[in-house]
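From first to last, the protein sequence lines are chains C and W. So the first sequence is numbered by my numbering: it starts at 6 and just counts up by one. So the second sequence is numbered by my numbering: it starts at 6 and just counts up by one. Glycine included, every Cβ here is placed at the ideal spot set by N, Cα and C. In what follows, a structure is listed as structure tokens, so that the remarks can point back to it.
There are 2 protein chains.
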Amino acid sequence: MSKETKTKTHADKVKDKAFKKLVALGKDVYGQLEEGKYPDFEMPLRASSNIFYDLKTRQYSVGEKRVRRSAGNVRHLKPFLQTMFVASFAARDLLQPGRTSTLRDLYYSSESAMAKMFNDQSESDNVITDVEAIIGMAREDFNIFPDARSTIFGDLVVSFQDKKTKQKRELNLTFNPDGQTIGPTLVKSDFVKTGADKVICVESGGMFQRLIEEDADEQFNAILVHLAGQAPRGTRRLIRRMNQELKLPVYAFVDADPWGMHIYNVIASGSASAAHLTGLTTPDAIWMGLTPTDITTYDLPTDNFTKGDLNRTVQLIRDPRYQKPYLQEELKVFMQLKKKAEQQSLTSKSLTFVVDEYLPAKFKEIEKMQRDGKI
Amino acid sequence: MSKETKTKTHADKVKDKAFKKLVALGKDVYGQLEEGKYPDFEMPLRASSNIFYDLKTRQYSVGEKRVRRSAGNVRHLKPFLQTMFVASFAARDLLQPGRTSTLRDLYYSSESAMAKMFNDQSESDNVITDVEAIIGMAREDFNIFPDARSTIFGDLVVSFQDKKTKQKRELNLTFNPDGQTIGPTLVKSDFVKTGADKVICVESGGMFQRLIEEDADEQFNAILVHLAGQAPRGTRRLIRRMNQELKLPVYAFVDADPWGMHIYNVIASGSASAAHLTGLTTPDAIWMGLTPTDITTYDLPTDNFTKGDLNRTVQLIRDPRYQKPYLQEELKVFMQLKKKAEQQSLTSKSLTFVVDEYLPAKFKEIEKMQRDGKI
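Structure follows, in structure tokens:
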């Protein structure tokens, strides 16, 4: 390893890798053109017929089937051009000058100078996903980010290049009591040190703020992550990095309904729409609840299951990502109870019940289930 | 002014004032009980018949009409009890121990120990608004916050009490390139110093990130605020404080459609649902556009007006908050053009067009309109 490589940040390395892969794609196409061929490229098939739960990586993955797009096929010509546009935009307009863009920016950028490249944003979003599949890296790696943001608070010091001074600087994630925004900078930052021994991911902003206020980060020695519903991909990547690089166990604290359980499971096992990517999942993440059993144990305020809730629960029981005993057991309790509760319903006991009673009891329960092999 | 008062933070003073008003409300009710009366209290009528555009404060305001709620009237008994519950919860469970709560937390808290106090959250939200109207202070002043968050970035140093050390600490709002979350702490922080000479409020997250990335804060000497659509009340309060305390002019940079214009106007003139409150509006805030004229000038990608867009534009033309010449002129352009565009459509020129061309031209245009008395 050269000296230069040693001093490169995590962000620099990812960027270099994505840039090389995009340039290689372009060079390959140019090479074919010089040989007098109609250029083509290959990518994994992203259709549901080629998506499965991979027992080895323990995540939703794409299978072996691949598709080829050729400039010599009139039906492929449009997606071929669109793919080249996105790859070139990512390499030349984003990675090289060090800019980022949102999905929407890219859609609008395609209208500059030349003819309209995409009919609507769903078309450009889809081609961006194709480019991910081709180079096997996430769009965030080539500087395309979603708008969605979530927040983090806890004893973790990260470092990144200061925007103004261009020097590396450190940021302690307890600095702002309202939490730090998880944006492009934080997701790609380097981890300097942490005193925490776990990560707790929280579905709702109200509960996140409650936990900060009650010093749950200190009491449970935890880094707190606000998911804001289904976690944005950048947040899922940061969670995985804390699990892999810092060896911190990850817990997901969500509403007691099948949708909350699925917020957990996308963190753990991924989603069909990102099955072509690695680096986003945390297979060992643990679902804390609220469980339907918690609803009964603590006599929490509930709402009745809708038909949609019931159908979703039936789906999850069959889903390969939900085969662990503790998940199956609780899905069955949902089927019997036919009731759901929000995590904030714990407030009905008292504002501090969640830290005084619920979480301490829950961590003991999880330890026992781990000893019993249910998790 | 005593020494103690001098060293109190902005946050402390607001909290003290709200606490005193809530306690006074309770004492008044107890006093009436001791006199052997059925207790009652008075509040401004919040119905639309009593809401008008106040030319003096230049905001939507409640009028002179007041309502009285008496515990001696069976029809008032339920709201009377609910109001006392919220006032007591705010004073005793939030302000006194220094806790905050979300609207949802308060709803759930009402189910603890005693009987169910509210049928649903809309009922408790409504009573919280009543308490605001009674004491003439916003729910944030008695520590009830919404979930919604927006973000800020720019050369402003604020100070607040550190959560861990309990010492005052300073935070420069350029610290995190992803922006700082505008949560309870930031909204109530003290302003230490700023090198900026204006505030630019931005509707979309994509444009906010673009402006940070292109160093718009330095180029335009501006503090950037991400509104995330309709600005949360805490954000509106912070914008007003920057305008009043730091004497910074405020610009709103929004999508070119009647909904974007209204995001601007709620910042400037307030909304019917908060007409009973002061301290949230910035009457001198300026709408930057995108204007419908910009759409034509820069030949931007557009969408056609829907029937809803058209109806909304007709409403705004008649709205007393839209009577300034430059607003009326552009509303009429909307009626002719019948097209709308997002602020991110500027990206169709280039990623840097907004800072290289659009904003410099816009600031000149605004100066001219100010000289011509159109703003």
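#1: Would you decide whether L178 of chain C is buried or exposed? Buried here means 16 or more other CB atoms lie within 10 Å of its CB.
#2: Please list the partners that Y363 of chain W has in chain C, where partner means a Cβ-to-Cβ separation under 8 angstroms.
#3: Rounded to a whole number of angstroms, what is the C-alpha to C-alpha distance between T3 of chain W and P182 of chain C?
#4: Beta strand (DSSP E) containing E69 of chain C: first to last residue?
#5: Quick one: residues in its chain with C-beta nearer than 6 angstroms to the C-beta of N55 of chain W, no 5 flanking neighbours on either side, listed in chain order?
#6: At 4 residues or longer, and completely inside the stretch 291-345 of chain C: list those alpha helix (DSSP H) runs for me, N to C.
#7: Would the stretch 182-196 of chain W count as touching the stretch 13-24 of chain W if we require 3 or more Cβ pairs under 8 angstroms?
#8: Evaluate N148 of chain C with the Cβ neighbour count: other Cβ atoms within 10 Å of its Cβ, from every protein chain shown; 16 or more gives buried, anything less gives exposed.
#9: For L82 of chain W, which of helix, strand or coil comes out of DSSP?
#10: I need the straight-line Cα distance from M142 of chain W to I291 of chain W, nearest angstrom please.
#11: Can you find the residues in the same chain that come closer than 6 angstroms, C-beta to C-beta, to N404 of chain W, ignoring five residues on each side of it along the sequence?
#12: For the stretch 88-117 of chain W, which residues have a CB atom closer than 9 angstroms to at least one CB atom of chain C, in sequence order?
#13: Any residues in the stretch 175-195 of chain C with a beta carbon nearer than 8 angstroms to a beta carbon of chain W? Which ones, in chain order?
#14: Give a yes or no on whether 7 angstroms exceeds the smallest Cβ distance from T352 of chain C to chain W.
#15: Under the assumption that R215 of chain C contacts D152 of chain W (Cβ atoms under 8 angstroms), give the Cβ distance between them as a whole number of angstroms.
#16: Confirm, please, whether the CB-CB distance from A277 of chain C to Y65 of chain C is below 7 angstroms.
#17: By the 10 Å Cβ neighbour count, where 16 or more other Cβ atoms means buried, how is D146 of chain C classified, buried or exposed?
#18: Using a threshold of 7 angstroms, state whether the C-beta atoms of A201 of chain W and G239 of chain W are closer than that.
#19: Residues of the stretch 123-148 of chain C in Cβ contact with chain W at a cutoff of 8 angstroms, in chain order, please.
#20: Chain C partners of L356 of chain W, CB-CB under 8 angstroms?
#21: Could you please give the first and the last residue of the uninterrupted beta strand (DSSP E) stretch that includes N177 of chain C?
#22: Give me the chain W residues within the contact set of P306 of chain C, using Cβ-Cβ distance strictly less than 7 angstroms, ordered along the chain.
#23: Assign L248 of chain W to buried or exposed, taking buried as 16 or more other Cβ atoms, counted over all protein chains shown, within 10 Å of its Cβ.
#24: Any idea what DSSP makes of E47 of chain C, helix, strand or coil?
#25: Going by DSSP, what residue range makes up the alpha helix (DSSP H) through L27 of chain W?
#26: Please report the residue range of the beta strand (DSSP E) in which F256 of chain W lies.
#27: Output needed in chain order: residues of the stretch 155-166 of chain C with a Cβ under 7 angstroms from some Cβ in chain W.
#28: Rounded to whole angstroms, what is the Cα-Cα separation between A236 of chain W and K373 of chain C?
#29: Quick check: is the beta carbon of D262 of chain W nearer than 7 angstroms to any beta carbon in chain C?
#30: Taking 7 angstroms as the cut-off, decide whether the C-beta atoms of T88 of chain W and D33 of chain W are in contact.
Quick look at the numbers:
#1: The residue labelled residue 178 of chain C in the question sits at position 173 within the first sequence. Its Cβ being crowded by 16 or more others within 10 Å, L178 of chain C is buried.
#2: Taking the second sequence and counting its residues from 1, the one referred to as residue 363 of chain W is at position 358. What Y363 of chain W touches in chain C: nothing, since even the nearest Cβ is about 13 angstroms away.
#3: Lying before the first or after the last residue shown, residue 3 of chain W is absent from chain W, which here runs from 6 to 380.
#4: By one-based count along the first sequence, residue 69 of chain C stands at place 64. No residue range can be given for E69 of chain C, since it is assigned to no beta strand (DSSP E) and is classified by DSSP as neither H nor E.
#5: As a position in the second sequence, residue 55 of chain W is number 50, starting the count at 1. Setting aside the 5 residues that flank it on each side, N55 of chain W is surrounded in the same chain by V67, G68, K70, each with a C-beta closer than 6 angstroms to its C-beta; the list follows chain order.
#6: The stretch 291-345 of chain C contains these whole alpha helix (DSSP H) runs: 297-302, 312-323, 330-342.
#7: Result yes; three or more Cβ-Cβ pairs closer than 8 angstroms.
#8: Stepping through the first sequence from its first residue, residue 148 of chain C is reached at position 143. Flag for N148 of chain C reads buried.
#9: The count along the second sequence starts at 1 and reaches residue 82 of chain W at position 77. Note: L82 of chain W maps to helix in three-state DSSP.
#10: What you label residue 142 of chain W is simply residue 137 of the second sequence in a count that begins at 1. What you label residue 291 of chain W is simply residue 286 of the second sequence in a count that begins at 1. So the alpha carbons of these two residues sit roughly 26 angstroms apart.
#11: The structure shown does not extend to residue 404 of chain W, since chain W is modelled only from 6 through 380, so no value can be given for it.
#12: Result list: D98, L99, P102, G103, R104, T105, S106, T107, L108, R109, D110, L111, Y112, Y113, S114, S115, E116, S117.
#13: Answer set for the stretch 175-195 of chain C: L176, T179, F180, N181, P182, D183, G184, Q185, T186, I187, G188, P189, T190, L191.
#14: Residue 352 of chain C sits at position 347 when you count from the first residue of the first sequence. Taking CB atoms only, T352 of chain C has a neighbour in chain W less than 7 angstroms away.
#15: The residue you call residue 215 of chain C lines up with position 210 of the first sequence. The residue you call residue 152 of chain W lines up with position 147 of the second sequence. Not quite, the Cβ-Cβ distance comes to about 11 angstroms (not below 8 angstroms), so this is no contact.
#16: Counting from one through the first sequence, the residue named residue 65 of chain C turns up at place 60. Counting from one through the first sequence, the residue named residue 277 of chain C turns up at place 272. A contact, by the Cβ cut-off of 7 angstroms.
#17: As a position in the first sequence, residue 146 of chain C is number 141, starting the count at 1. In the assembly as shown, D146 of chain C is a buried residue. Its beta-carbon has 16 or more other beta-carbons within 10 Å.
#18: Locating residue 201 of chain W in the second sequence gives position 196, where the first residue counts as 1. Locating residue 239 of chain W in the second sequence gives position 234, where the first residue counts as 1. A201 of chain W places its beta carbon 7 angstroms or farther from that of G239 of chain W.
#19: Cβ contacts with chain W come from no residue of the stretch 123-148 of chain C.
#20: Counting from 1 along the second sequence, the entry for residue 356 of chain W is found at position 351. Within 8 angstroms Cβ-Cβ: D98, R104, S106, D110, S114.
#21: Counting from 1 along the first sequence, the entry for residue 177 of chain C is found at position 172. From DSSP, the beta strand (DSSP E) with N177 of chain C extends over 173-177.
#22: Along the first sequence, one-based indexing puts residue 306 of chain C at 301. Chain order gives the chain W residues near P306 of chain C as Y113, E116, where near means a beta carbon separation below 7 angstroms.
#23: The residue labelled residue 248 of chain W in the question sits at position 243 within the second sequence. Leu is not the amino acid found at residue 248 of chain W; the sequence shown has Asn there. With at least 16 other beta carbons inside 10 angstroms of its own, N248 of chain W counts as buried.
#24: On the first sequence, residue 47 of chain C is found 42 positions in, with the first residue counted as 1. Under the three-state reduction of DSSP output, E47 of chain C falls in the strand class.
#25: Here the question's residue 27 of chain W lines up with position 22 in the second sequence. Note, L27 of chain W: alpha helix (DSSP H), 15-39.
#26: In the second sequence, the residue the question calls residue 256 of chain W occupies position 251. The amino acid at residue 256 of chain W is misidentified as Phe; the sequence shows Tyr. Counting along the chain, the beta strand (DSSP E) containing Y256 of chain W begins and ends at 255-258.
#27: Per Cβ criterion, the list reads T156.
#28: The sequence position of residue 236 of chain W within the second sequence is 231, counting from 1. The sequence position of residue 373 of chain C within the first sequence is 368, counting from 1. Answer to the nearest angstrom: the Cα atoms are 46 angstroms apart.
#29: Reading the second sequence from its first residue, position 257 is the one you call residue 262 of chain W. So, not an interface residue.
#30: Numbered from 1 along the second sequence, position 83 holds the residue referred to as residue 88 of chain W. Numbered from 1 along the second sequence, position 28 holds the residue referred to as residue 33 of chain W. No, the pair does not count as a contact, with Cβ atoms beyond the cut-off.
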